[in-house]
Structure formats: structure tokens, C-alpha cells
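Chemist: When we follow full-length UniProt numbering, the leftmost residue of the sequence shown carries the number 1, and every step to the right adds one.
Using N, Cα and C, we set each Cβ at its ideal position, and we do this for glycine too.
Sharing a structure below in C-alpha cells format, with a few things to ask.
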Amino acid sequence: MAKVSLLHHFLLICFLLLPNFAWSQTKNDVKIDSLLIAGDDKVSAWISPSGDFAFGFQQLGNEDQFLVSIWYNKISEKTIVWYANGDNPAPKGSRIELAADRGLVLTSPEQQEILISDPLIGTVAYGSMKDTGNFVLVNKNSESLWQSFNQSKDTILPSQEFVEGFKLSSRRSETNSSRGRFLLRMFQNGNIGIATVNLPSEHINENFYLLRSFDQLNATNYQLKFNESGQIFHLVNNSQEVVLSKGEIGSSTRFYHRATLNFDGVFTLYQHPKEPKGNGVWSAVWSIPDNICYSFPTERGSGVCGYNRICRLSIDKRPDCQCPRAFSLVDPEDDYKGCIPDFMQDCGDNQDNAGNQLEMETVTNIDWPTSDYELLQPFDEEKCKNACLNDCICAVSVFRENSCWKKKLPLSNGRVDNRVNSKAFIKRRKGNIAVEGPNSREPKKKNQDTIILIISVFLGSSVFVNCLLLGVLSLGFLLVYRNKTSTFDRNESSMDQNLRYFSYKELSKATEGFKEELGRGAFGIVYKGIVEIGKPIPIAVKKLDRIIQDGEEEFKTEVNVIGQTHHKNLVRLLGFCDEGPHRLLVYEFLNNGTLASFLFGDLKLTWNQRTQVALGIARGLLYLHNECSTQIIHCDIKPQNILLDNQYDPRISDFGLAKLLRMDQSETQTAIRGTKGYVAPEWFRNMAITVKADVYSFGVLLLEIICCRRNVDIEAGEDKAILTYWAYDCYQEGTIYQLVENDSDAISDRKKLERFLMVAIWCIQEDPSLRPTMKKIVLMLEEIVEVPSPPCPNPFRTENSLLDAV
């Protein structure tokens, strides 16, 4: 009996000490006086026992500035989950030291100190980087004195719990860890709100989004929990669970999980595969708001994108922010400072000349709903346009349903709204007329003063000095004149000020003599290179060796058109070379290559990724067809001309080049432009070519994206060889699952599968007039408008169709 009693006492003592054992010391723990130095790779970080997390300095880009942070240590993308000095990055040579009396101390090379673990009450015995991602300071009794989990920044991790008063603050931008514009808070009633902050002050605007998990009068105790399985939920009255995060969450044994308030205001739950070797990307499982562009209900604040900007929802439910065409960014380094117009509002003596200097540009389905100052009705379009043009206060007028809303600067809460049929008339400067401002004459006066000063010095000097000075001035004027001439010639070739002129020698050096070939197409060969534009930037250089002869003017025109395109789903043109016989285009380089490799190769995109890619391509084509200053027909839409960025967002390439291709040098070796299998029937029938030719090609591509197979596959058997025929047969027979027979995600998402298939069939109609516009295609894919049942796309199918296709 004594032995049993002794055993009971021993177990009781172990049970009472169990909480303290959670902080017990291990070989990975950080001892007092341990030191880390920014930029010193010898002791780069303090690692958790499993190696999943690390604490230390993370370098910011290519700069010699560092962030005291915690990050995922085993994946290739060192994703930061906590940081201490976002507003004041530490210079190279800064130190972090663990002191017994002050905890974590950051010391700059100039010996300025910042206490990171503040507030701290007690004496630190050691520090510990936990496998949960929590860095903890404990005393000699193994009690927690400070932990990073209590000072969350923009990210929370599994095992964290929160109560009323919990806050997350976004970063300023994707690359700037300063305090950002968005704040997420948990209130006493359990609701979670997201609001904007009027930087640099602390003023918080009204919540633009409020997540109400439930309405329960007798609920008195709320907790927000992020459990080890990756679920985010409310715990009510210590018992009832209300799950917030919807979506398919991967097992924590195979995936890392985090939830981040992104710099653009979207709170997102992410997961990342742990194996193999941490490759892969973070994929979004769940996010709020569902559509942030529509989430601003009040008149306060600039909106999600900043003043005078437009919000368009991207394929990953993140806001894609753009300036209207007549506006430009205030600060290219900070998108959220907003845009400024290219005209000056003048309500003085010159306002009567506004009609001579200004004009109205028309765009569809764009609105700034909180910037109205006057409503005119009933009104027609022309009156609405002129009402704003002749009003010095008005910047934009929006016409909808016989009503005209006049809006003044600054414009707030701008967004694309496809749910209504509206037209916006945006004021802009005519042509290149410069609007004289109050200081427009200052440079002239300064130049005159400079000339007078030079002449005075010249006349007051000796003859020798005068001659010498005259020679120097002559040489200077000559160099300036030659430089201006050279600059003029280069700018004249590009016309778009965003493009850079490259010499052939520069590009030859950048590509190491055009050494590494990325691919070949209808226009020539593409090579990989690296150029210095502030910092080393990887590029793709396209040598146009098959363009029309003697087409210098056409080349300049097309480069100008391409250079003026700016859209998330288009490959960005950085510059060009137009030197003698050499004509080259310089594009941004995208690591993931072409869509073809992910459709027809071993590595496949998921069903969700494929549908998002299809929607992104559709949006890019919509921009080319409807939203460019000059309409662009691509003429060669196919998987090889769709590139994927690091987030697997699609970028259309080779747009705007079709006019440069010699008619006898297309890939089909016929007098058409495009690639067999994707070419619209009107090319073969001597019909007028319109944007509907791109719609046909997109329809074929959409079928390939759905089915992950080529549009012509002889080995599939006679019934399945031509994808356009087989897809319609499956639709008619109600056997669409056969198109995705090995894709369980697509099969389980039958509603979306059927919708995308019906859209594709509409696109491949032989009669161009039956094909929808890209605008309607986007609306149908987004489920904003219904998709009617499509007719047979090729009613005159022949026995020789298979032979023709190949």
C-alpha cells in the first residue's frame, strides 16, 4: 500500500508540473548572451527543433537592410510569419543579443538599441524557437515571460488563440514591411472587422467588412482559434464551435498553414506542401472579403486601391488596382498614394478654354460610387458627357438608366462593376496640349538667368580665358545637341515613355551572345538574359527574324501599341531594339514557362488552378479587344503563347505582333496567321477577320484547359481524336465526366465544369456572329450571367474533318 501511495504522489506531482514542462529547455534553446549579426552567415538563425521555423535576420531584397523575423525555414520561399522592426529595417552589421535583464535587444552599428521583447517583467533564463512558430523567453522556473505569439503582426499560425482586442496590421506593400493601410480586429461580440487606417495617423475608418459568425443573445464568451488542423473557428461559451474557414484544407502532416492579412486588405488562409523538399507554392484555401472591390460601404477613406484608382478583382480574389488611362501614379514606389489626372482643374479665367484643351474618354462599367456631387435626370449620354466637360469642378460623369452622376476629385472607392450597364466619361487633356500651371514659366526664367550669368562671366574675363570658355561652351552645346538628337531618335522609335531602348550590343551581352534559347515561335527565337535596370532583372529577348521586310514604320507603330498595354494578364514589354537589320523585343521573364507544359506534360495544374487560369486569359483578351486605346487582335491564342508567373497567374504573350508576320511565314505555311487547330474557320473562307477569331481560339484553348489534352490527338481513337467534336458529343449525351475522367476535383465540381464547357462550345461556333464577345465570356465564366444551351458548333461536320485538322 505504501508503494501505491508513493506512486500516486509521484504522478500527482508530474501532473501539477506538466504546464511548466511545455517550456522545458532543449538543445535548440538560445542561451543568454547568444548573438546574431545581420549579414553574417556563420550564425544566421536560431532554429526550432524540427527545423520548420527560424528566428533571425532576413535580408530585404538586394538591399543591405534586414528584418528581425521568424520564417518558414524548410521551404524555398522563406515566408516571414512575424517581424519586429518593419518600420525601421536594420542595416548590415546590426546585432540581436539575448540579455537576461532585457530580453531580445537589437543594436545598430551606431550602438542605438531597440528592445524587441518589450514589455518584459522578470529575468530571462533562456529563449526557445518552438515548432509552432512561436519564439518564447522563459525564466528559471520555465514560465513564459514574453512570446512572439502575443505580438502578431500580419500573420497567425496554427495553435494560436485570440480574444477581444486581437489585431492584425497589414504591411505597406508586398516588399515593404512598414505598417500598412489595413487593420483586422476582433470585437467583444465575436465579430471580426477589417478597416482602413489613415496613415500616418492612427485614425481607423469604419469597417468596410464585418464577419458575423452568428447572432446569439446569450453568448458571453468568444475566442478565435486557429487549430493544428488548419481550421479557423470561433469558440462560443467555451463549447460551441463555429467554423469560419471554408474550403478543402490539407492535412497538417503534409501541409504548412498560415493566415495573413495581405497588404491589399484580403485576409487569406494559405497552405503549402511540406514535401518534396519544400517545393511548390502557397495556395489560398479561404479568404475574406469574397469581393473586396465591392466591400466599401461608406464615404470615408480612399477605398481599397487609393484615390483616383480602379479596383478589379483578380483570379485569386485579390484586388488588381489600376489608374484610369488619363491618370498616372503619384508615386511609382507606393501604389496606394493614388493617381493624379493629366489635366489641371481650372475654375479661373481660363475655364472658357476647357473645351479646346480637354476632352472626355468613354469607358464602360466603371464607377466611383462615393464621389457624386450632383445628379442630373432625365439625361442622355451626350448631355452627360458635355455636362462634365463644361464644369470645371467635374472630373468624371457616369451615365446609367437616363441618369447622370457628376463626380469630383479625389475619386474614391473606384471599381469595375459588371453588374450594371453604365458608361463613365473621364476628363483628360487633348493630344499633347500642355496645361499651363502657375509655375510653368519658372524654368524659362531660370534658364534666362543662367544665360545672363554665363555671358557676364564671359565678358568680364581675359581674352585667353574667354577663348578657352568659348571652346568649352561650344563643345558642351555640341554634346548636348547630339545627346538630345539621340534621345529624340530613340524616343521617336518607342513613343511610349515606359519603354527602354536597348542597343543590339547590350542585348547580345545580356544574353551571353544569345546563348540560352527559351523557345521558338512564328516570329523568331526567344532567349534568356539578365539586364541591369536599377538591379539585375531576368528578361526574355525575342529576335524578330521573320517580320515583314521594309516594315520600319509598322514595327514602330506596333511597339508603341504593345508598350501602352498594362494589364495583369499580359506579359510586360520592357523595351526594344531597332538597330539596322536587328529588331528585338525585351519582355519580363516568367519562371514557370508556358501553359502547354502544365496541360500536356507530367506536372498538371489542379482543377481550381486551371479554371482561374482560363478566367485570367479571358480577362487579358477582354482588355486587348475592348480596353486598349487601339484594339488588338492576337491571331494566335494557344497554350504556348500563355506564360505563367510565380503564382500561376496567366500572362498572354506575342499580342500585337500579328501585323508584323510575313504572310508566307506563319506556322501553318498558308496565307493565314495562327496555328492549325486554333485557327477560326473564317480564315479559310476569305471572310473579314475580327476579334471573333480570337474568341474561337480561346474556345479551343478552354477545352484543352478543361480536359488537359491537345485539341487533336490521333492516339485517343477516332471518336475522341478531335476535341471540339468529342466535347460537344459528351455535352449532348450528358457524359461530360468523360472529359475529365481522371480528375476527381473537376468531377465533383460538375456545375462549374458544365458552365465552362458550355462557354467553350459557344466560342467555337463556326458562324462568327454566334460567338459571344470576350466581355460576355468573362461574365459567363464568373457566373454573373447565365450560359444558355449552345447549338452544335459545326453542323456541317464532314468525314474529312480529322484529315483537315492535322
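Taking the CB atoms as reference points, tell me whether Asp654 and Asn641 lie closer together than 8 Å.
Modeler: In contact: Asp654 and Asn641 (Cβ atoms closer than 8 Å).
Chemist: Whose CA, out of Arg709, Ile194, Tyr256, lies closest to the CA of Glu741?
Modeler: Here the closest residue by C-alpha is Arg709.
Chemist: According to DSSP, what are the bridge partners of Thr364?
Modeler: Lys423.
Chemist: Which same chain residues, not among the five before or five after Arg181, have their C-beta less than 7 Å away from its C-beta?
Modeler: Here the set comprises Ser170, Thr196, Val197, Leu199, Tyr336.
Chemist: Would you kindly work out how many angstroms separate the C-alpha atoms of Leu779 and Ile310, rounded to a whole number?
Modeler: When rounded, the distance between both Cα atoms is 18 Å.
Chemist: Taking the DSSP output, what are the residues bridged to Tyr83?
Modeler: BP columns for Tyr83 point to Ser69.
Chemist: Mapping the DSSP letters down to three states, classify Ser314 as helix, strand or coil.
Modeler: Here Ser314 sits in coil by DSSP.
Chemist: Can you list, in chain order, the residues of its chain whose CB lies under 6 Å from that of Phe598, leaving out five sequence neighbours each side?
Modeler: The residues are Leu605.
Chemist: If you draw a straight line from the alpha carbon of Arg755 to that of Met687, how long is it in whole angstroms?
Modeler: Rounded to whole angstroms, Arg755 to Met687 spans 30 Å at the Cα level.
Chemist: Just the C-alpha distance for Lys692 and Leu235, rounded to the nearest angstrom, thanks.
Modeler: Straight-line Cα distance between these residues: approximately 54 Å.
Chemist: Where does Met758 fall in DSSP's three states?
Modeler: Helix, per DSSP.
Chemist: Can you tell me whether Thr132 is helix, strand or coil according to DSSP?
Modeler: Three-state DSSP puts Thr132 in coil, outside helix and strand.
Chemist: Could you tell me the distance, in whole angstroms, from the CA atom of Glu442 to the CA atom of Tyr307?
Modeler: For Glu442, the predicted model reports a pLDDT of 38, less than 50, meaning its position is unreliable; a value from the coordinates is still stated below. C-alpha separation (whole angstroms): 29 Å.
Chemist: Going straight from the alpha carbon of Gly56 to that of Val68, what length do you get?
Modeler: Roughly 6 Å between the two C-alpha positions.
Chemist: Can you look up Val242 in the DSSP assignment and give me helix, strand or coil?
Modeler: Strand, per DSSP.
Chemist: Could you give the DSSP three-state label for Gly575: helix, strand or coil?
Modeler: The answer is strand: DSSP assigns Gly575 an E or B state.
Chemist: Check the DSSP bridge columns for Asp52 and list the partner residues they point to.
Modeler: Asp52 pairs with nothing; no bridge assigned.
Chemist: Please classify Thr735: is it buried, with 16 or more other beta-carbons within 10 angstroms of its beta-carbon, or exposed?
Modeler: Classification of Thr735: exposed, given that the 10 Å Cβ count is below 16.
Chemist: What are the start and end residues of the beta strand (DSSP E) that includes Ala721?
Modeler: Unbroken run through Ala721: none, as it is neither H nor E.
Chemist: Does the contact criterion of 3 or more C-beta pairs under 8 Å hold for the segment 586-598 versus the segment 622-634?
Modeler: Flag = no, the segment 586-598 and the segment 622-634 do not touch.
Chemist: In whole angstroms, what is the alpha-carbon distance linking Val726 and Arg685?
Modeler: Reading off the sequence, residue 726 comes out as Trp, not Val. When rounded, the distance between both Cα atoms is 24 Å.
Chemist: State the start and end residues of the unbroken beta strand (DSSP E) segment that holds Lys167.
Modeler: Taken as a continuous stretch (DSSP letters only), the beta strand (DSSP E) holding Lys167 covers 167-171.
Chemist: Whose CA, out of Leu573, Tyr294, Val330, Pro341, lies closest to the CA of Asp320?
Modeler: Looking at the Cα atoms, Tyr294 is the closest of the given residues.
Chemist: Let me check one thing: in DSSP terms, what residues is Ile281 bridge-paired to?
Modeler: A quick correction: the sequence has Val, not Ile, at residue 281. Looking at the DSSP assignment, Val281 forms no beta bridge with any residue, so it has no partner.
Chemist: Cα separation between Asp52 and Lys638?
Modeler: Roughly 41 Å separates the two Cα atoms.
Chemist: Alpha carbon to alpha carbon, what distance is there between Leu770 and Pro793?
Modeler: So the two alpha carbons sit approximately 9 Å from each other.
Chemist: Using 8 Å for Cβ pairs, my map puts Leu104 next to Ser94. What's the rounded Cβ distance?
Modeler: Between Ser94 and Leu104 the Cβ distance is about 12 Å, and since that is not below 8 Å, they are no contact.
Chemist: What is the C-beta distance between Cys628 and Leu702, in whole angstroms, given that I count them as a contact (C-beta under 8 Å)?
Modeler: Rounded, the Cβ-Cβ distance is 22 Å, inconsistent with contact.
Chemist: For Pro378, does the count of other Cβ atoms within 10 angstroms reach 16, so buried, or fall short, so exposed?
Modeler: Looking at its Cβ environment, which holds fewer than 16 other Cβ atoms inside 10 Å, Pro378 is exposed.
Chemist: Grouping DSSP H, G and I as helix and E and B as strand, with all else coil, what is Phe684?
Modeler: Here Phe684 sits in helix by DSSP.
Chemist: Let me know the secondary structure DSSP gives His566 once reduced to three states.
Modeler: It is coil, neither helix nor strand.
Chemist: For Gln111, which option in Gly122, Ala716, Pro119, Glu97 has the closest C-alpha, if you only look at C-alpha atoms?
Modeler: Nearest C-alpha to Gln111: Glu97.
Chemist: Can you confirm whether the segment 279-293 touches the segment 378-396 when touching is taken to mean that 3 or more C-beta pairs between the two stretches lie within less than 8 Å?
Modeler: These segments do not touch.
Chemist: Here's the rule: buried if 16 or more other CB atoms are within 10 angstroms of the residue's CB, otherwise exposed. What is Thr253?
Modeler: Answer is exposed; the Cβ neighbour count stays below 16.
Chemist: Note down the Cα distance separating Asn238 from Leu224, rounded to an integer number of angstroms.
Modeler: Their Cα atoms are separated by approximately 11 Å.
Chemist: Span of the alpha helix (DSSP H) holding residue 888?
Modeler: The structure shown does not extend to residue 888, since the chain is modelled only from 1 through 806, so no value can be given for it.
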